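Step one of this worksheet: look at the structure below.
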Amino acid sequence: MAQLPENDSILGVTFKPLTTHPDSRGFFREVIRSTDTFFPDGSFAQWSHSKMEKNVVKAWHYHHIQTDWWYVGLGLLEVVLFDNREESPTYQTKLVFQLGETGDSSATVCIPPGVLHGGKVLSEFAHLFYITSKTYNPDDEGRFAYNSPVVDHEWGDGVIVSERDTVDFTPTHPRSSR
């Protein structure tokens with residue numbers, strides 16, 4: 133099993149190690165509490181679920197004001213984070229790790245604004261559950277194409293992408309400080 137990167141590898145990216153309690157019926161795993169230290173005000177705005185098939189790539193997405201918290205409940209996802217904040221001391225740092233059943237499944241990752249994020253499904257399918265600090269706002273979500281030279285990353289052969297992930301999009305929301 134691959135190890136999770138250090139919490140300070142990219143400024144603001146944090147990992148919450150999770151504890152799993154297995155028994156003969158399956159397991160119990162607590163994923164997130166409103167009192168977790170990575171929730172700045174003890175609340176969140178939206179919880180979403182994405183089911184993806186093998187070789188699906190969703191990348192590169194970023195937000196100006198929204199924070200994401202990711203957890204892979206079923207399957208295995210290669211996750212790539214890239215610090216695209218010029219003012220950050222970890223500018224242009226890239227992290228690659230796995231979340232899911234056979235990866236670093238016992239973790240939730242917090243992705244701050246300005247950090248590009250993407251993933252590729254390595255298993256037959258994967259279920260990504262993610263919480264966001266704001267409700268969906270298309271004026272806050274930016275994108276670079278999944279194969280953009282902005283991030284030096286090769287997703288491999290046979291990837292499946294949506295049309296949205298083949299083009300760049302700059303959101304209209306002005307960047308605000310958090």
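Numbering (our numbering), first residue to last: 133 to 310. C-beta: ideal position from N, C-alpha, C; glycine also. As the structure is a computational prediction, the values presented were derived from the model and not from experiment.
Separation of residue j from residue i, as counted between CA atoms
i	j	result
phenylalanine 229	valine 283	15 Å
glycine 290	histidine 193	21 Å
glutamate 162	leucine 260	16 Å
serine 308	serine 175	Residue placement at serine 308 is poorly supported in this model, since its pLDDT is 42, which falls under 50; the coordinates still yield a value, given next. About 20 Å.
threonine 222	leucine 248	13 Å
glycine 251	arginine 275	13 Å
histidine 196	isoleucine 263	16 Å
serine 280	proline 154	41 Å
lysine 148	glutamate 286	27 Å
arginine 165	alanine 258	23 Å
tryptophan 179	glutamate 273	16 Å
lysine 266	alanine 177	5 Å
Beta strand (DSSP E) segment containing residue i, residue limits
i	result
threonine 222	Counting along the chain, threonine 222 falls outside any beta strand (DSSP E), and DSSP gives it neither H nor E.
valine 211	208-215
glycine 246	It is not in any beta strand (DSSP E) - glycine 246 carries neither H nor E in the DSSP assignment.
glycine 274	273-275
serine 183	Position check: residue 183 holds lysine in this sequence, whereas serine was assumed. Unbroken beta strand (DSSP E) run through lysine 183: 178-185.
histidine 195	189-195
Collapsed DSSP secondary structure at residue i in the structure displayed
i	result
lysine 266	coil
arginine 161	strand
aspartate 155	strand
threonine 146	strand
glutamate 295	helix
phenylalanine 170	coil
aspartate 200	strand
histidine 285	coil
Cβ-Cβ separation, residue j to residue i (assumed contact under 8 Å), whole Å
i	j	result
leucine 143	serine 220	5 Å
alanine 92	tyrosine 278	The displayed coordinates of the chain run from 133 to 310. Any statement about residue 92 would go beyond what the structure contains.
threonine 298	proline 244	With a Cβ gap of about 26 Å, threonine 298 and proline 244 do not count as contacting.
tryptophan 202	leucine 231	7 Å
threonine 152	serine 238	6 Å
Contact with chain D by residue i, beta-carbon distance below 8 Å
i	result
glycine 205	Reference to chain D is not applicable here, since this structure consists of a single protein chain.
For the segment 212-228 and the segment 161-170, state whether three or more C-beta atom pairs, one from each stretch, are separated by less than 8 Å. no
Is there contact between the segment 172-188 and the segment 217-227, where contact requires at least three CB pairs shorter than 8 Å? Contact between the segment 172-188 and the segment 217-227 is absent, because fewer than three Cβ pairs lie under 8 Å.
Quick check: the segment 135-143 against the segment 197-211, are at least 3 beta-carbon pairs closer than 8 Å? no
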